[in-house]
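So the structure is just underneath, and the comments pick up after that.
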Amino acid sequence: MYDAKVPITIFTGLRSFIMKCPYCSHTETQVVETRMSEEGDCIRRRRQCHHCEKRFTTYERAEVTFPTVIKKDGRRIDYSSDKLRASVGLALRKRPISIEQVDKAVSQIEEKLLNLGQREIPSAKIGELVMHELKKLDKVAYVRFASVYRSFEDVEEFSLLVNEVK
Ligand SMILES: [Zn+2]
Numbered sequence: 503m504y505d506a507k508v509p510i511t512i513f514t515g516l517r518s519f520i521m522k523c524p525y526c527s528h529t530e531t532q533v534v535e536t537r538m539s540e541e542g543d544c545i546r547r548r549r550q551c552h553h554c555e556k557r558f559t560t561y562e563r564a565e566v567t568f569p570t571v572i573k574k575d576g577r578r579i580d581y582s583s584d585k586l587r588a589s590v591g592l593a594l595r596k597r598p599i600s601i602e603q604v605d606k607a608v609s610q611i612e613e614k615l616l617n618l619g620q621r622e623i624p625s626a627k628i629g630e631l632v633m634h635e636l637k638k639l640d641k642v643a644y645v646r647f648a649s650v651y652r653s654f655e656d657v658e659e660f661s662l663l664v665n666e667v668k
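Note that the numbering used here has the sequence shown beginning at 503, numbered continuously upward.
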């Protein structure tokens, strides 16, 4: 049972902090409603301040760390979700694919990326994951992405790829 005298404390790793009311900074707030987001990736809590009685919402989400990306030339860069979305979006430009489908493809790629459980990952591996998703989603986008991504040695290799998706 919730005890009104104990401020809500959220633990994130080793740090902990008290959930203060954003209106009056009072530290005693009560959760009035808890809900899982539709996608199931975050918990939404409605809270009410004991002092000013205003309500506010907090979102809890698991924090994840993506692996560092190793570029072809050996440079290490931070993983960027925006970049991934941009290159997937570019491959799918003017294709009959909804934003929801793009989002879904991007989250599936990221899920696989995280499940590899590696701290560093070659950019080529991300390219493979992208190709895998595009192949399921849209053959034209797949060929587009693959032709830019893999620098084909010869025409034969390219036509093999095109035949593969026919
Ligand atoms: Zn308050």
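In this text, a Cβ means the ideal position worked out from N, Cα and C, and glycines have one as well.
Closest Cα partner of residue i within the set the options
i	options	result
SER539	HIS552, TYR561, THR567 and VAL604	TYR561
ARG557	ARG549, ASP640 and ALA564	ARG549
GLU630	GLU622, LYS614, ASP640 and VAL642	LYS614
LYS637	THR531, ASN617 and ILE599	ILE599
Strand pairing of residue i, partner residues [DSSP]
i	result
GLN610	Paired residues: none, contrary to the question.
PHE558	ARG549
ILE579	VAL571
ARG621	Bridge partners of ARG621: none, in fact.
MET563	The residue asked about is misnamed: residue 563 is Arg in this sequence, not Met. DSSP, once it has assigned bridges, lists CYS544 as partnering ARG563.
Cβ-Cβ distance between residue i and residue j below 8 angstroms
i	j	result
TYR581	CYS554	no
ILE579	VAL566	no
SER527	LYS573	no
VAL604	GLY619	no
LEU594	ILE611	no
CYS544	THR531	no
Element boundaries [alpha helix (DSSP H), containing residue i]
i	result
ILE628	625 to 639
Element boundaries [beta strand (DSSP E), containing residue i]
i	result
ARG537	531 to 538
VAL590	No beta strand (DSSP E) holds VAL590; the alpha helix (DSSP H) holding it covers 583 to 593.
THR570	570 to 572
Spatial neighbours of residue i in its chain, beta-carbon cut-off 6 angstroms, leaving aside the 5 residues before and after
i	result
ARG547	VAL533, THR536 and THR560
PHE568	TYR581
Proximal residues to residue i (C-beta, below 7 angstroms), its chain only, five neighbours per side dropped
i	result
VAL608	LEU586, ARG587 and VAL590
GLY542	none
VAL642	ARG597
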